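Chains as they are written, first to last, in the numbering used here: chain P, 296 to 403; chain S, 28 to 144.
Don't be surprised by glycine CBs; every beta carbon is placed ideally from N, CA and C.
Owing to the predicted nature of the structure, the values given are computational and were not obtained by experimental measurement.
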Amino acid sequence: DAKTTQPTSMDCAEGRAANLPCNHSTISGNEYVYWYRQIHSQGPQYIIHGLKNNETNEMASLIITEDRKSSTLILPHATLRDTAVYYCIVSKTDKLIFGTGTRLQVFP
Amino acid sequence: GAVVSQHPSWVICKSGTSVKIECRSLDFQATTMFWYRQFPKQSLMLMATSNEGSKATYEQGVEKDKFLINHASLTLSTLTVTSAHPEDSSFYICSARTPDRGRNEAFFGQGTRLTVV
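Right under this line is the structure:
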């Protein structure tokens, strides 16, 4: 599975949009981009996934560049409860390999 | 939505004893489940893939005789840490995917915190 690169940490003000980038320049054509998050001492939670089109659900939006080498997860109105580690994962199988993720801190 | 449950949530055991952790898919059948380990301030590390009715597939560097996995039914996988030592203290997490409705997300248990003293 393709390796991903994410910033180690980011801050975001409550109520503002949080934009979390992910680079996956070695992604292959049949690999999906998944986003999960992990709140302290809990199991990871699914957020969203996509192949090549942009996706939106009740939690977030996923923007994938046309060449698919990078993507951005957007939390449109961040709340304090969105403070977590966000993982971008690229995979074509059931197996998910976690990188180091981005620690998002939402502040009041 | 689909739910994956782990039991126990936390356990403390003496060095040299064995500990069993259960992972259940509560509202769907899972032919495949995954076991992860997470040390403090680190990411999740995939340990093994649990396959219903067959042997588990272990990731490189994970001792299969140390971490016994049994997936005897479509809703239950167990991980047994044998002869546990303090270095086995960690957060163990399982996951499963539901095949329903073409959904593609994995669901994770709440994790089991193991402390070996």
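For residue 47 of chain S, the enclosing beta strand (DSSP E) covers residues 46 to 52.
When C-beta atoms of the segment 91 to 105 of chain S are compared with those of the segment 35 to 53 of chain S, three or more pairs fall below 8 Å, so the two segments count as touching.
Residue 384 of chain P has its alpha-carbon roughly 8 Å from the corresponding atom of residue 298 of chain P.
Partner residues in a beta bridge of residue 352 of chain P, as assigned by DSSP, do not exist. Within the same chain, Cβ atoms closer than 7 Å to the Cβ of residue 320 of chain P are found at 364, the five residues on either side in sequence being excluded. The segment 73 to 85 of chain S makes no contact with the segment 30 to 49 of chain S: fewer than 3 CB pairs, one atom from each, lie closer than 8 Å.
In this structure residue 120 of chain S is buried. Its beta-carbon is surrounded by 16 or more other beta-carbon atoms within 10 angstroms. Of the other Cβ atoms in all chains shown, 16 or more fall within 10 Å of the Cβ of residue 339 of chain P; this residue is therefore buried.
Of all alpha-carbon atoms in P/315, P/307, P/309, P/376, the one lying nearest the alpha-carbon of residue 301 of chain P is that of P/315. The beta carbon of residue 109 of chain S is closer than 8 Å to those of 45, 92, 93, 94, 95 in its chain, skipping five residues each way along the sequence. Around the Cβ of residue 330 of chain P, a 10 Å sphere holds 16 or more other Cβ atoms; the residue is buried. Looking at the backbone, the Cα of residue 88 of chain S and that of residue 70 of chain S are separated by about 16 Å. When CB distances to chain S are screened at a threshold of 9 Å, the residues of the segment 301 to 328 of chain P falling below it are 327, in chain order.
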